[in-house]
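For the protein sequence lines, the chains are A and B, in the order given. Each residue of the first sequence is one higher than the last, beginning at 21 in my numbering. Each residue of the second sequence is one higher than the last, beginning at 204 in my numbering. The beta-carbon is built from N, C-alpha and C at its ideal position, and this holds for glycine as well. Computed from a prediction, not measured in an experiment: that's the story for all the values here. One structure is given below, encoded as structure tokens.
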Amino acid sequence: MSAVDQAKNAAAFIEDRTHEQHLDQLLWMMRTRRDEAASRVPEWEQLRDLASQIKEHTLSHLAHYLEMFESSAKANGVTVHWAQDAPEHNQIVYQILSDRNADSLIKSKSMLTEECETRPFLEARGIRVTETDLGERIQQLDNQPPSHIVGPSWHKTTQDVANLFARVYGSDKEKTDPVYLAHVMRVNTRPLIEQAKAGMTGANFAVAETGAVVTVTNEGNADLSANVPELRICSVGLEKIIPRNEDLAVFIRLLTRSATGNSITQYTSHFRSPRKNGEMHIILVDNGRSSRLGMEKFWRSLKCIRCAACMNTCPVYRRSGGLSYGSTYMGPIGIIMMPTFDAHRYSELPFSSTLNGSCTNVCPVKIDIHEQIYAWREVMEEKHQINLVKKEAMIVAGKVLSNPLLYRIAADSTETSLKVLPRFALYNHLNAWGRHRDIPQPAKETFHDWYKKHRS
Amino acid sequence: MSFRDAILQNVRNNQPSSRDLPAPPKFHSEQPVELKKQFAAALKELSGDVITEPPADFGKFLKNRFPDAKTICSAVPEYAGNRKPEDFARWSDASSIDVTIVRSPLGVAETGSVLLSEEEFRVNTIGFLAHDIVILLDPAEIVENLHDAYGHPHFRDKAYSLLMSGPSGSADIGGITVHPAQGVMTLTVIFWPLAETQNVRSAK
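Listed below in structure tokens is the structure:
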């Protein structure tokens, strides 16, 4: 499979300025709200340190805590399964459902099941799968994957959603009021929830000492998925384990504030045991995580708690949309996670960044995101995964930038060239930067010339 | 080797060197905290309402607040309602409830959350398939923050513990939170000291 060309995909997204501006403004609002929320918590930085330390401790003793979690969950009456990869995970889910003749499943949003492509796997085997998260359901109805890990359909305008619902549900496409649209979804999805034979959720956290899995939602749809049907399946990535019940306070205080600026989601739900007369299965999924744990430069990405603050702040993500990454995880965190799944297919992603470091600054668990992005670029260079134009340009840039004389000659000649060269000579296929934006107006003089005149 | 053992073996082989586990402090404010006021303000931010005194006539209060409600499921002794949680043996049938009334054993001032579990709900789905929910909370049971809240025994004892912090909402269309989503449309907390209920019961 060829490498995902994020820049080309982003070009298609920004072709329509409405979508580019809509997403940029919406995500910047989330980022602003996050800053306000953080500033109202005096111990915010201390919480970030604690969260990072708890995660690093857990990952450095992960086998111990996985065994502790398994033992606690079993003692609570839960059946625990282990899956090495996505096909194993999907097969376990299908087996649980088919053994009990469960042909309909309600699901709450889970990035892990996106990663495993669980829904298409089950649908191909005759299971009706209904997403219960509003954004995820919108994406399901539109045959698209999530474009953002918190707001799966945030790249869509309200008019896009109104058009989609008109097509699928026959609602009024002139009505773009979100309250009306949310009501359309409730009316159409509620009956499917009430009739479902099984429910499935992911987990934001799994507590080793109590065996509880914890979900965080605004809609309460994980609670519906876990409580309405008698059969419940929960898929958990290995890295979601935390040691103690009290650690939850640290993470819950950080998670929603980082994501949307609210102090907490409407539903923070802790499931230790099956519901009355019910059955509960937890699948612990590896799918590359145990190998990533051994990657010296990249294991810290396993600390991620999926708040998406790094996406909301990223100038590249905000202006290109999540679908452009062609991957389950997108934005800065996606850039450093996806190459661990497939280094060739996602070889271009580490270049979809300005390396401004804002992602690292807002990360609630202090992942060194921009440093890992840079490290992935080095890996891609070593693995010869960089395309020829980019590689040659970097070699030339490296030589020019490391030599003051060459740099000054280049700077002067660039300024002159920008003034005199015709448009077709400046904007060609070798100039990736100028493909979707104008080259800046040349300065009257370089800083070096100005400095010589005024300070020497 | 089983899948489980293979995974654990790979994890053991790849774990980074040992890091210490910190002990999170409680982060109590140095200034006195007006717990009731802070709770109400935090819940309001997530579109929940707080009534600061028990209504003199609870039946009348409910009628005024939910004029169209026909099915009222009560899980509390303070009001009889016309359904009990146990009436919904098939849990999905709880969607016919207009208003659920339940008591929470704990409130969190920082976030405006109330704690609920299968002990309070008896049938869990009455808490989110109903159209509206009214939650009685003894204001003496409000704690300052989530560090305090996670000390509650429910998190270690109950099958299902929920920190509920407002009615079901979604910001998935356009980024602004709207109601309805899939759960309750409104959430009202009434500060109702447990002692008052107990006094009424002993007087009967």
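- Interface annotation, tyrosine 366/A: not in contact with chain B, CB-CB separation never under 8 Å.
- The continuous alpha helix (DSSP H) containing arginine 309/A extends over residues 309-312.
- For tryptophan 319/A and serine 310/A, the gap between their C-alpha atoms comes out near 9 Å.
- When Ile272/A, Ile302/A and Leu184/A are compared, the shortest CA-CA separation from glycine 222/A is found for Ile302/A.
- When the five nearest sequence neighbours on each side are left out, the beta carbons in the same chain lying within less than 6 Å of the beta carbon of glycine 354/A are those of Tyr345 and Ser347, in order along the chain.
- Neighbours of glycine 190/A in chain B, taken as residues whose beta carbon is under 9 Å from its own, are absent, since the nearest beta carbon is some 18 Å off.
- At a beta-carbon threshold of 9 Å, none of the residues of chain A lie near glycine 310/B; the nearest stands roughly 13 Å away.
- Closest in C-alpha terms to asparagine 285/B, from the list Ile336/B, Asp341/B, Pro396/B and Cys276/B, comes Cys276/B.
- With contacts defined as CB atoms closer than 8 Å, glutamine 218/B and serine 437/A fail to qualify as a contacting pair.
- Between the segment 382-389 of chain A and the segment 64-84 of chain A there are three or more C-beta pairs closer than 8 Å, enough to call the two in contact.
- The beta carbon of serine 371/B sits closer than 8 Å to those of Phe331, His382, Pro383, Ala384, Gln385, Gly386, Val387 and Met388, all from its chain and outside the five residues before and after it, given in chain order.
- Taking a Cβ-Cβ threshold of 8 Å, none of the residues of chain B is close to isoleucine 116/A; the smallest such distance is about 15 Å.
- DSSP, read as helix, strand or coil, puts phenylalanine 269/B in coil.
- If you draw a straight line from the Cα of glycine 314/A to the Cα of tryptophan 396/A, it comes to about 15 Å.
- The Cβ-Cβ distance between serine 373/B and alanine 202/A falls below 8 Å.
- In the three-state scheme derived from DSSP, where H, G and I count as helix and E and B as strand, isoleucine 355/A is classed as helix.
- Selection Ile345/B, Ala352/B, Pro356/B and Arg293/B evaluated against isoleucine 329/B yields Arg293/B as nearest (Cα-Cα).
- Near chain A, meaning a CB-to-CB distance below 8 Å, the residues of the segment 368-388 of chain B are Ser368, Gly369, Pro370, Ser371, Gly372, Ser373, Ala374, Asp375, Ile376, Gly377, Gly378, Ile379, Thr380, Val381, His382, Pro383, Ala384, Gln385, Gly386 and Val387.
- For glutamate 143/A, the uninterrupted alpha helix (DSSP H) segment begins and ends at 138-143.
- Pairwise C-beta distances place the segment 330-343 of chain A out of contact with the segment 151-160 of chain A, as fewer than three of them are shorter than 8 Å.
- Contact annotation for glutamine 241/B against chain A: no contact, minimum CB-CB distance about 11 Å [criterion: below 7 Å].
- If you keep only unbroken beta strand (DSSP E) runs of at least 3 residues inside the segment 243-307 of chain B, you get 252-254, 275-277 and 302-307.
- Nearest to phenylalanine 394/B by alpha-carbon distance, out of Asp208/B, Leu249/B, Leu238/B and Ala272/B, is Leu238/B.
- If the five residues before and after glutamate 313/B are omitted, its C-beta is found closer than 8 Å to the C-beta atoms of Gln241, Ala245, Glu347, Asn348 and Leu349, all from its own chain and listed in chain order.
- Nearest CB-CB separation between tryptophan 396/A and chain B: not below the 8 Å threshold.
- Per DSSP, histidine 290/A lies in no alpha helix (DSSP H); the unbroken beta strand (DSSP E) holding it starts and ends at 287-291.
- Each of Ile415/A, Lys411/A, Thr466/A and Lys419/A was checked against the Cα of threonine 434/A, and the nearest Cα belongs to Thr466/A.
- Listed along chain A is no residue with a C-beta nearer than 9 Å to that of lysine 266/B; the closest approach is about 25 Å.
- Contact note: aspartate 306/A reaches chain B through Phe206, Ala209, Ile210, Asn213 and Val214, using a C-beta cutoff of 9 Å and chain order.
- Rounded to whole angstroms, the Cβ separation of glycine 231/A and alanine 93/A is 4 Å, and the two are in contact under 8 Å.
- Contact note: proline 294/A reaches chain B through Ala362, using a C-beta cutoff of 8 Å and chain order.
- Per the Cβ contact rule, the segment 227-247 of chain A is not in contact with the segment 164-171 of chain A (fewer than 3 Cβ pairs under 8 Å).
- The secondary-structure analysis by DSSP pairs alanine 218/A across a beta bridge with Leu125/A and Leu251/A.
- Between the segment 100-113 of chain A and the segment 133-143 of chain A there are three or more C-beta pairs closer than 8 Å, enough to call the two in contact.
- The criterion of a C-beta distance shorter than 8 Å is not satisfied by isoleucine 284/A and leucine 244/A.
- At least 8 Å separates the CB of alanine 272/B from every CB of chain A.
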